[in-house]
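In my numbering, the protein residues as written are -7 to 317.
All residues carry an ideal CB built from backbone N, CA and C; glycine is no exception.
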Amino acid sequence: MNKDIKWGIIGLGGIAHKFATDLLLVENCTLEAVASRSISKAKAFSKKYNATNFYGTYEELVKNNLVDIVYIATPHNSHKRYTILALEHKKAVLCEKPFAMNNKQVFKMIEASKKNQVFLMEAMWTRFLPSILAVKKRIDEDEIGELKYINADFSFKANTSIQRIYDKKLGGGSLLDIGIYPVFLAYLLLGLPTNINANAHFYDSGADSQLAMLFNYKNAQALLFSSFNSTSKREAKISGTLGEICIEMPWNETDSFSIQKNDGKSKFISLPTMGKGYTYEIIECNTCLQQHKIESSTWTHQNSLELISLLDKIRKKINLAYNED
Ligand SMILES: NC(=O)c1ccc[n+]([C@@H]2O[C@H](COP(=O)([O-])OP(=O)(O)OC[C@H]3O[C@@H](n4cnc5c(N)ncnc54)[C@H](OP(=O)(O)O)[C@@H]3O)[C@@H](O)[C@H]2O)c1
């Protein structure tokens, strides 16, 4: 029988809590250690989620010999630093999205994974949801014909007192935080666009508060939007020559979708998720580690490089640069 995979978590903020809740639902893995910049926060977190060890620095966690894989849940601007730190200590890494600030940083992270021969994956959890897998399969099998149009957004009225939302030093802005999801969907279903148009509104800090994007393909177009200024229903629509798929709201964490064919036939497909849905990326990491892989074949290093390169191109269009560029 395969050994249980032992997880560590670095950065105990909002997403770390959701992730740890889902980790407890997955078989054949345990939470071995957690690390915060605050030892009391780490102690409380470890108690809540039954972690064996807790630390007051991230560096101590990556030195724990029992930890197989580290989940990095810190702000975007530190993803590269902590990913490479963990990989150099021969720990596998699942790092939150955006994988890093730009293509150059992601390239270095992948280089470190290859050099150390250790598994590395971007936490693009939507890629692994049963409904998204099913939508992709049906599109690949031509159920709605040739794709012509995608419309997807991710908007909510953000609490702008949260520094991570607007502070450029922490990688603030709607694109890297939530715009990455509609960009991901267009990339997953249509691949790399031939050209991109984009227009943004900005906070005083220079980070984008709202962003409209148009991806052009040889035979299709995608209209994408992200915003911290207002809340949207968060549906995704995918139109082909034979019909349309609507991914139910909020599409990036969906458990269902509907298909409306041009001939009048329609179907509603429900695929309930385990937990919040982070379980599937956890299972993917566990399986890859059991198989001694250094990358997932469902969300590859190349996929992450291409996704961040699209974000870089969009930022060029709206003149948004970060210190890391
Ligand atoms: N996959 C998803 O659904 C999802 C959802 C939300 C966020 N995310 C991603 O996860 C990452 C973290 O987001 P979050 O919403 O969890 O943020 P958050 O609530 O602010 O938590 C981030 C944690 O990172 C640590 N940290 C280290 N350096 C920091 C610094 N300079 N400033 C602030 N915190 C620092 C802190 O943990 P300690 O105090 O414990 O050290 C903090 O609690 C982001 O990259 C975001 O894009 C993903």
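Buried/exposed call for residue i, threshold 16 Cβ in 10 Å
| i | result |
| --- | --- |
| Gly164 | buried |
| Ser123 | buried |
| Met183 | Note on identity: in this sequence residue 183 is Gly, with Met being the wrong assignment. With fewer than 16 other Cβ atoms within 10 Å, it is exposed. |
| His284 | exposed |
| Asn(-6) | exposed |
| Phe220 | buried |
| Pro174 | buried |
| Asp145 | buried |
| Gly171 | buried |
| Thr233 | exposed |
| Phe260 | exposed |
| Asp317 | exposed |
| Thr75 | buried |
| Asp134 | exposed |
| Asn189 | exposed |
| Asn295 | buried |
| Ser30 | exposed |
Cβ of residue i within 9 Å of any chain B Cβ
| i | result |
| --- | --- |
| Ala313 | The chain inventory of the structure shown lacks chain B, comprising one protein chain alone. |
Whole-angstrom C-beta distance between residue j and residue i, which should lie under 8 Å
| i | j | result |
| --- | --- | --- |
| Val98 | Ala92 | 5 Å |
| Phe325 | Val127 | Nothing about residue 325 can be reported from this structure: the residues present for the chain run from -7 to 317 only. |
| Lys210 | Asn143 | About 19 Å; that fails the 8 Å criterion. |
| Ser166 | Gln109 | Not confirmed; about 36 Å, so no contact. |
| Leu4 | Ala25 | Wrong, their Cβ atoms sit about 11 Å apart, outside the cutoff. |
| Asp60 | Leu281 | 6 Å |
| Ile102 | Met205 | Wrong, their Cβ atoms sit about 25 Å apart, outside the cutoff. |
| Leu17 | Trp(-1) | At roughly 13 Å, the Cβ-Cβ gap does not stay under 8 Å, so Leu17 and Trp(-1) are not in contact. |
| Leu58 | Val85 | With 8 Å as the limit, Leu58 and Val85 do not qualify as a contact, their Cβ atoms being about 16 Å apart. |
| Ser218 | Ser147 | 6 Å |
| Leu181 | Leu139 | 6 Å |
| Tyr50 | Ile1 | Their Cβ separation, rounded to whole angstroms, is 10 Å, which puts Tyr50 and Ile1 out of contact at 8 Å. |
Proximal residues to residue i (C-beta, below 7 Å), its chain only, five neighbours per side dropped
| i | result |
| --- | --- |
| Asn88 | The amino acid occupying residue 88 in the given sequence is Glu; Asn does not appear at that position. Only Ile7, Ile64, Ala65, His71, Ala115 meet the Cβ criterion. |
| Ser176 | Contrary to the premise, residue 176 reads as Phe rather than Ser in this sequence. Met116, Thr118, Leu299, listed in sequence order. |
| Lys253 | Leu234, Gly235 |
| Ser258 | Ser250, Ile251, Gln252 |
| Tyr47 | Ala25, Ala27, Ala34, Leu53 |
| Asn95 | Leu297, Ile300, Ser301, Asp304 |
Beta-carbon proximity list for residue i, same chain, < 6 Å, skipping 5 on both sides
| i | result |
| --- | --- |
| Leu168 | His68, Pro90 |
| Glu287 | His293 |
| Glu245 | Gly269 |
| Asn191 | Ala204 |
| Ile310 | Ala190, Ala192 |
Contacts around residue i, its chain only, beta-carbon distance under 8 Å, and the 5 residues preceding and following it disregarded
| i | result |
| --- | --- |
| Met241 | Lys225, Arg226, Glu227 |
| Asp(-4) | Asn20, Cys21, Thr22 |
| Leu162 | Pro67, His68, Asn69, Gln155, Arg156 |
| Ala178 | Ile142, Ala144, Pro185, Phe207, Ala214, Leu216 |
| Thr290 | Arg119, Phe120, Glu276 |
| Thr152 | Tyr158, Tyr195, Phe220 |
Say whether the region 210 to 217 touches the region 181 to 198, bearing in mind that this needs 3 or more beta-carbon pairs closer than 8 Å, one atom from each stretch. yes
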